[in-house]
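Notes follow once the structure below has been shown.
Chains as they are written, first to last, in my numbering: chain A, 27 to 244; chain B, 27 to 244; chain C, 55 to 288; chain D, 55 to 288.
Printed below as a string of C-alpha cells:
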C-alpha cells in the first residue's frame, strides 16, 4: 500500500520530457518533488505562472509570489507571469499537457466529483471545472476509499459533479487504473503488497482485469 | 470654404480635456496638429498604441514604431503598447471617447460607406467597421461632394456599408452637420464665406435648417 | 489626465449601497487592501462582490463580510473563511460559485466589449443549469455572460499618473482583467510615478482602463500559507 | 525544452501545400521576414494566409503572392499591393476581408480555447451575410468563429530558449494573439537569450504557446511610410 508520497512518486512517472503540467492542491502538489532531474518539465499554476519553483528559504518568502494553493513559492529561471484570463485561456486551448488533481469520487465513465458535499461543505470549484473540461490528459490522485471506508471509485458519482467523461487515469494507495472509453476501471498495476482481491473489494464501480496485473515499480 | 487643414482645425474643437481619441487616415490624422496645447488628450492607434507622438526627426525613424496608417511616428511619455486584440477590445468596450474618420458616403440616418467601390477598389475595411460599430461619438471628416461633383451626404448610401446608424457629426469643407436621431442632417455651422444655399445644393440627403445658421469660428 | 486621487477614501467616495464591485487578488495576494479598508470604514452595504475568493476572517473581503456589507459574493473558491461559511449556511449571504476560468473570462469579456463567451467549464454539472449550451465541432460549451460591474478595484505594484499599471509576480492574477471591466476602475499602487517612467512595452494595464489611481501606504501584504524550506548546509 | 531551431528553413520544414498559416505583423512592421523568405525559397503552394495585410509588391507576403503560393488571403486591409489587386480582380486569388478587430479577436479566441466570439463589427454590412446575429442588451452582434491555423508564424524582438517572447513597440500588433493561436507556433527573434534572462513580469507571450524559436540575422525591417519632421533650429 502506498502513502501519499508513494502516490506522488508513481504519478511522477507519467510525466514526459517537455511537458507542461498543472498540479492540483494536496497529493498532486507533492508530485513536483519526484520529477526526474534533467527532465524539462514546466509546472503551470493557474493563478498565473509557468515555472513554479521550490518553496522559498525561510525569511525569503515573497507575499506576491504564490501558487494556486496560496502557498509561498519561488519562480524558476525562464518563467512567465500572466493574468487569470490567459492562464485559463491556455488551459482551455489544451496547451497544458497533463493535469493532476484530487477527487472525492470518480465514476467508471470518467466523471469526477471534487468540490461540494451538499449541506456540509462548499468551498467552491476553483479552477477544477475549467481544468477537467478542457484537459485531454487527466490523472486523479486520491485515496481508494473515503474515511468511512466506502469506495471512491463508483458506478456513478453521488456528489455534485466537477466534470464529465474526463478522467483518464487514477492512482490510489492501492492501484493504478485506467478509465476505459467504453466505461469501467481497468486495473493496470497493483501497489506493492496489495492483492487484486483487495482492490476488487475497495472498488464499487466496474473493475476490468484483463490479465496478470503487475505490481507497480516506483 | 475650408481646406483640409481647416476641416481638421474645426474638428479639433470637438475634443475635450481628458479624451482618448482615435484618428483615422487622411484628414483625421491632421486633427492631431490642432489639439490645444495644455489639453490632456491621448491618441489611440488601433495597431496597438495609446499616446501617438509627432513624426520622428529625420534619421530617427524607428521601423518598429508606426501608426495605423503605417507612418513612422514617435511615442509620448506615459504611452502604453498592447496587442491588436486588446486594442479592439478597448474600442468595443467604448473606452475610446471620440472617433474621427473619413468616408465616401454618409446617409441621413448615420450609415457610413468607406471601404469599397465594387469592381473598382477593394482595399479592405481595416479597423473602420470595428470602430463605427462600437464608438458612441463618431465624427466624419470628408469633402461634401466627390470628384464628380456629387453629394456624399445622401438619403441612403449607394456603396457597400461600413456601419449603420453610427455617425453623429460631419465636418466638411462647407459645413458642420449633426445626424439627427430621427434622420436628417441638421445644419449646425457654415464654413466661412459659404451660404446656406450652397450647402443645400451640395446635400442630397434631407437637410434640416432650424434657424439662423452661424458661421463657424475656427 | 487628473486621475490621481489623494487617498483610498477619495477613490471610493461615490461607491453606493447596492452596487456591484469587482475586487482583484487571488487569495490575499494582490488584494486592494487599502480600498477594502476604506469600504469597511465607509460602511457601504448590500454590495455584490465579484472576487475570486472571499478573503480570510480578519483580512481582505472577510472584513466586509464581518460587517455584513456584502449581499452577494460571486467567487470560485471561498474555503478559507469561517464567518463566510456561517453566513452562507444561515442564508444571510447569497453566493454564486463560478469556475475560476469562467470568472476571469467573464471579466475579460466585459473589458473587451464581448457580451458573452463560450467555455466548456461546468458542462454536465450544476453550473450549467439554466444556461444555454452550444455544440461546436462536437464539443459542448456553455454561454456565459460578461460581468457588469459599477466599479473595479485593483491593486498594482506600480502605476503612473496616466493610469498605466504594472503588476509584480503572481500578484497580477485577476487584477488586469478586472481593471478592464469596471465602469469605473480604481487602482491602488505601491509606487506612483510620473508619466514616462514606465516603459510603454512593460505596461500591463493601459491607462485608458483606469479612472482613479492612488498610492497606498504601508502595505501589509499578508501571507495566507507560509511554506518554506530549510537552507541546505553550505 | 528543445524549442530552439537553427534556421528559418528548419523552422518551416514541415509546412505543406494547402495549409493554413497565420502571419504576424501590421503592414511591414513586426513581420516574420525570415520565415517568409524561407517559405518563398521552399515554394510551398496553395496556402491560406491569415494576416492583417498582404505586404507590398516586393516585401512581406507580397513575395509569396508574386510566386502564386497563396490560394486565399484572410486580411483586413490589402491596399498597398498592385500584384495582389491584379490577382484579386482576375480571380486567381481568393480573399476574405475581415474587420481588423474581428481578425484579432478570432485569433485570440483560438488561443483562449473559445470556439466563437461576439462582435458588433460588420452588423448591417456585407460582412454579416450568412452569419448568426444575436441581440444582447438591445444591441446586435455577429457570432464569429475562432480561426483554425496549422501554423502561426510570429516575429518578436527578444525570445528565450523556453520560447518566452518580448515584443518591441508597435511591432507587437498581431504577433501575440497569433502566437497563441497556431497548432504549431514558430517565433523568429532578433535576440535569443538563455532562460532566466527575461524578467517573468515582462514576458508578452509565455513559452507554452511557442513550439519553435530561432534567431534571425540581418533584419531588413523595411519602413512602409517614412514620415519625418525637420529639426527645429536650436
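All C-beta atoms, glycine included, are put in the ideal place defined by N, C-alpha and C.
Of the listed residues the options, nearest to residue i (C-alpha basis)
i             : options                    : result
residue 224/D : 64/D, 85/D, 174/D, 180/D   : 85/D
residue 231/C : 283/C, 200/C, 255/C        : 200/C
residue 283/D : 216/B, 161/B, 42/B, 87/B   : 87/B
residue 95/D  : 102/D, 62/D, 266/D, 255/D  : 62/D
residue 229/C : 195/C, 157/C, 169/C        : 157/C
residue 83/C  : 68/C, 97/C, 122/C, 108/C   : 108/C
residue 123/A : 67/A, 203/A, 236/A         : 67/A
residue 231/B : 47/B, 176/B, 37/B          : 176/B
residue 73/C  : 125/C, 111/C, 55/C, 80/C   : 125/C
residue 140/A : 151/A, 160/A, 64/A         : 151/A
residue 238/C : 97/C, 217/C, 247/C         : 217/C
residue 98/D  : 68/D, 152/D, 161/D, 160/D  : 68/D
residue 135/A : 187/A, 199/A, 75/A         : 187/A
residue 109/B : 267/D, 80/D, 130/D         : 80/D
residue 217/B : 209/B, 223/B, 199/B, 206/B : 199/B
residue 215/B : 191/B, 227/B, 243/B, 228/B : 243/B
residue 71/C  : 248/C, 277/C, 214/C, 204/C : 204/C
residue 37/D  : 184/D, 150/D, 246/D, 242/D : Residue 37/D lies beyond the residue range present for chain D, which begins at 55 and ends at 288; the question has no answer from this structure.
Through-space distance from residue j to residue i, alpha-carbon basis
i             : j             : result
residue 119/D : residue 141/D : 9 Å
residue 253/D : residue 143/A : 42 Å
residue 197/B : residue 79/A  : 60 Å
residue 51/B  : residue 129/B : 10 Å
residue 49/A  : residue 148/A : 21 Å
residue 134/C : residue 272/D : 55 Å
residue 288/C : residue 103/A : The predicted model places residue 288/C with a pLDDT of 46, which falls under 50 and marks its position as unreliable; any figure quoted below should be read in that light. Whole-angstrom Cα-Cα distance: 22 Å.
residue 172/C : residue 30/A  : 37 Å
residue 236/A : residue 212/A : 8 Å
residue 241/B : residue 34/B  : 16 Å
residue 262/D : residue 111/A : 15 Å
residue 110/C : residue 187/C : 35 Å
residue 81/B  : residue 174/C : 47 Å
residue 84/A  : residue 77/A  : 20 Å
residue 92/C  : residue 159/A : 39 Å
residue 159/D : residue 240/C : 26 Å
residue 266/C : residue 36/B  : 31 Å
residue 210/A : residue 178/D : 53 Å
residue 212/D : residue 274/D : 16 Å
residue 90/A  : residue 162/D : 28 Å
residue 65/C  : residue 59/C  : 6 Å
residue 117/C : residue 146/A : 24 Å
Nearest-angstrom Cβ-Cβ length linking residue i and residue j, presumed shorter than 8 Å
i             : j             : result
residue 234/A : residue 193/A : Incorrect: roughly 15 Å between the Cβ atoms, too far for contact.
residue 99/B  : residue 92/B  : 6 Å
residue 257/C : residue 117/B : Contact doesn't hold; Cβ gap of about 18 Å is too wide.
residue 153/B : residue 154/D : 4 Å
residue 72/A  : residue 113/A : 5 Å
residue 165/C : residue 234/C : 2 Å
residue 196/C : residue 210/C : Going by Cβ atoms, the distance from residue 196/C to residue 210/C rounds to 31 Å, so no, they are not a contact pair.
residue 74/A  : residue 227/C : 5 Å
residue 126/B : residue 47/B  : 7 Å
Residue i classed as buried or exposed, judged by whether at least 16 other C-beta atoms fall within 10 angstroms
i             : result
residue 100/D : exposed
residue 143/C : exposed
residue 96/B  : buried
residue 130/C : buried
residue 105/B : buried
residue 191/C : exposed
residue 32/A  : buried
residue 222/D : buried
residue 56/C  : exposed
residue 133/B : buried
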